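Take a look at the structure below.
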Amino acid sequence: MTNNLNPRQREAVQYIDTPLLVLAGAGSGKTSVITRKIAWLIGTAGYDPAKIVAVTFTNKAAREMRERASKLVGSNVKGLGISTFHTLGLNIIRSEHKALGLRSGFTIFDAEDARALVRELMQRDAGGDASLADTVQQAISTLKNDMVGAEDALALAKSPREMLIAQVYEGYERSLRAYNAVDFDDLILKPVQLFNAHGDVLARWQDRTRYLLVDEYQDTNLSQYRLVKQLVGVRGALTVVGDDDQSIYAWRGARPENLVQLKEDFPNLKVIALEQNYRSTGRILRAANAVIANNPHVFEKKLWSELGPGDPIRIVACKDEQHEAEKIATEILGHRARSNGKWKDYAVLYRGNFQSRLIEEKLREKQVPYKVSGGQSFFARAEIKDLMAYLRLIANPDDDSAFLRVVNVPRREIGPTTLEKLAQYAGKRHVSLSTAAGEMGLGEVLGGQYREKLARFVHWLDDVRQRLHRLPAKQALNEMLEELGYEAWLRSQTATPQGAMKRYENVTSLVESIHTMSEKVDDHGKRPDIGEVIARLVLLDMLDQQEEQDDSDRVQLMTLHASKGLEFPNVWVLAFEENVLPHRSSIEANTIEEERRLLYVGITRARRQLTFTHAQKRKQYNEMLRCEPSRFMAELPKDDVRFEGEGTQASSEEKARSRDNALAALDALFKR
DNA sequence: TGACGCTGAGTTTTT
DNA sequence: CTCAGCGTCA
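Under the numbering used here, think of the first position of the first sequence as 30, with each following residue one higher.
Below you can see the structure in the form of structure tokens.
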């Protein structure tokens, strides 16, 4: 159970006397420690698997943890409580929804839904400006994560701006309540509020949480921190794993100081640092240690490895951004031809998504297969949002937001004027749009033919709802799509037939997932209803899963943020310059330390080779700007760094290298 | 309803 | 520059 672990890891696995903080350096095998610990708790310490709760931030991490833990424990384990924070919150809300004033079938608003609602509220109440809406939505989310309610926000507002935010916040909360809906932030916040108010409910959940493990603790925000504290209670059966040096999400509410706070919350806290790195060469780790040593630390930590010093880190000066991209593409091509390695062993990391464009161009030119990660999530696609809105409305007739999305998609000749009158009537009667649409009294404010169209729509929804109870999900949904004429609608809305086909395939794949989830019985032998299925779906990134299976051999392009948790044999980091890394706005906001951590994350992604590039000048919008090398360059250990392309004269070594690259590229071309 | 042109913003983003 | 979102016009 604890073989193949180093002494520190083993200690972390077996330690249960007091709360434990595992400071897991990059590449130190933290997932192993968590999964082994789960297995050890069950197998050796005799814990009930159903009462072990392990939380992560991403579905991917949860999936990986579940797979590895079940393999260790044996797949006969029922009810291993491994999930994301949000899924844990959803589980709590689902079983306690009555106490929270939610009716069953409640909707989960995703970020886009929330944004749309804020937009609408601002248009109506504040006569506003949509670009402001995004800022306001962010602000509301931040307030919620900081556990500041709408009333508090109103009371605390000091500026007109804060006042506006607080007012929209209030309307936003009112709307969610009316729609029988919660947003992502509520999934954590509501359980915390509930536990605060009802000690008996909390006691029940504490009893179901005999041991709690939290991954990436440095990324927790205030409400997540509270939830952890509540669940742990006085028992202190807690292991958190984190790395303060990899905290790169403070800008979206993460509080790395929660790590330090643990010491105060639990005076008997045990701290174990995992410092042996199994990923990178000595020079790469030396660079990482040297850079991060410039940040203040509460917990000291120094990565080391047994993999030998390896190659020097290269810093390549380039003339401009074209040269830089060209150089990276050529180097990858050359290196891969020489080493006969795989494309996916190469990663290009950058600060902002837009920086992928040039590299993409150059890689395409050279016919190098690549993959850009990041981009539209599955659930952000219009066709998926449409279908999800239909399902939301079926599960939750009070979801006005879903009603408005689909009432005229495909066209039902229900226009804005009709909807406005419907909304007025619904408002007066204090009912939802879909309830109002079915009421006879609506005839008083709306002409017969319009009322008729609305009534037909809600009756059809009722009909589909009943069929969903009766029939297998796939059949009911396919009938629904057929009756909607959705495929034809997509064809009419999409430029190319191929595009339409692709989009309809997305729809079919969603139907397939829903079907599978609906058929799956839970631990109590019950099948989930449609409300439950779609609630879980919203929290599931299906794109993630598609990507997981996609093991295609391609060069990886992604932001430094997106690279966290990944590793690559060969890494290039672009634009190692002032105003990029560190980013201009971070310099202005005085958040250099987080920028340094971002660099630290970048460095520690590399297993064997690490190259930074920087350009002397760079075209920004339409003017050429001079670029200064990053201040962080001076923090790298000189002995481990080799500078290339300084000045105009290329070193003989570099000439040789570029000749080699050219030859290798030529060679590769002939082979193809 | 759809096409066109104006305006403004331009770091990172899971759930 | 480039893209998104909005308003205007046919």
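The beta carbon of each residue, even a glycine, is placed where N, CA and C say it ideally should be. Being a predicted model, the structure only gives us computed values, none of them experimental.
Look at the alpha carbon of residue i and the alpha carbon of residue j, and state the distance between them as a whole number of angstroms.
i	j	result
S463	D427	7 Å
N306	R148	47 Å
V436	E473	21 Å
I71	G58	20 Å
D248	G228	27 Å
G477	V562	37 Å
R255	E468	44 Å
V602	A644	12 Å
G271	P439	48 Å
T677	I342	Only weak support exists for where T677 lies, its pLDDT of 42 falling under 50; the coordinates are left without a value.
A162	A140	13 Å
T87	D244	10 Å
Y208	A195	20 Å
A55	N369	28 Å
I443	S430	16 Å
V540	K89	22 Å
I621	I277	11 Å
Y201	E548	35 Å
D181	V263	29 Å
R393	V584	11 Å
E596	L129	43 Å
E657	E335	36 Å
D274	N287	13 Å
Just to confirm my understanding: we take residue i, look at its own chain, exclude 5 residues before and 5 after, and list those with CB closer than 6 Å. What are they?
i	result
L241	V82, L260, V261 and L267
S61	none
M653	K646
E624	P611 and S615
D212	F138 and A143
L568	H115 and T116
Q638	D340 and N599
D552	K107 and G108
K173	D214 and L218
Here's the rule I'm using: 16 or more other beta-carbon atoms within 10 Å means buried, otherwise exposed. How should residue i be labelled?
i	result
N297	exposed
H488	exposed
W333	exposed
V300	exposed
E611	Correcting the residue type first, residue 611 is Pro in the shown sequence and not Glu. Result: buried.
A517	exposed
L500	exposed
T588	buried
R132	exposed
P285	buried
T73	exposed
K700	Only weak support is given to the placement of K700: the predicted model assigns it a pLDDT of 46, under 50, and the question is left unresolved by the model.
T525	exposed
Q38	buried
R655	exposed
In chain order, what residues of the same chain lie with their CB nearer than 7 Å to the CB of residue i, ignoring the 5 residues before and after it?
i	result
I111	A83, A91, M94, R95 and A98
R496	A505 and E508
T171	G282
R315	P666 and D669
Y454	A465, L471 and V474
D570	N88, S406 and F407
Considering only the alpha carbon of each residue, which of the options lies closest to residue i?
i	options	result
E511	W280, E675 and V536	V536
T164	A529, R144, A431 and A179	R144
A591	V377, T447, R647 and P611	V377
N35	I45, R65 and L216	R65
I559	M417, I413 and R239	M417
K482	R634, L448, K107 and S461	L448
K400	Q152, S461, Y375 and L129	Y375
R485	G456, R441, T85 and D349	R441
A411	A452, Y533, L513 and A319	Y533
L519	L291, A529 and L119	A529
L231	E125, G311 and A210	E125
For residue i, I'd like the list of residues in its chain whose CB is within less than 8 Å of its CB, leaving aside the five on either flank, ordered along the chain.
i	result
D582	K371, W372, K373 and P398
M176	L218, V221, L251, S252 and R255
Report whether the distance from the Cβ of residue i to the nearest heavy atom of the ligand NAP is below 7 Å.
i	result
G404	The ligand NAP is not part of this structure, which contains no ligands at all.
Do three or more CB pairs link the stretch 658-666 to the stretch 359-368 at distances below 8 Å?
no
Assess contact between the stretch 385-394 and the stretch 354-362, defined as three or more Cβ pairs (one per stretch) separated by less than 8 Å. Is contact present?
Segments in contact, yes.
Taking contact to mean 3 or more Cβ pairs, one atom from each stretch, closer than 8 Å, check whether the stretch 217-233 and the stretch 184-198 are in contact.
no
So does the stretch 405-418 actually touch the stretch 620-639, counting three or more Cβ pairs closer than 8 Å?
no
Below 8 Å, can you find three or more Cβ-Cβ pairs linking the stretch 74-81 to the stretch 314-332?
no
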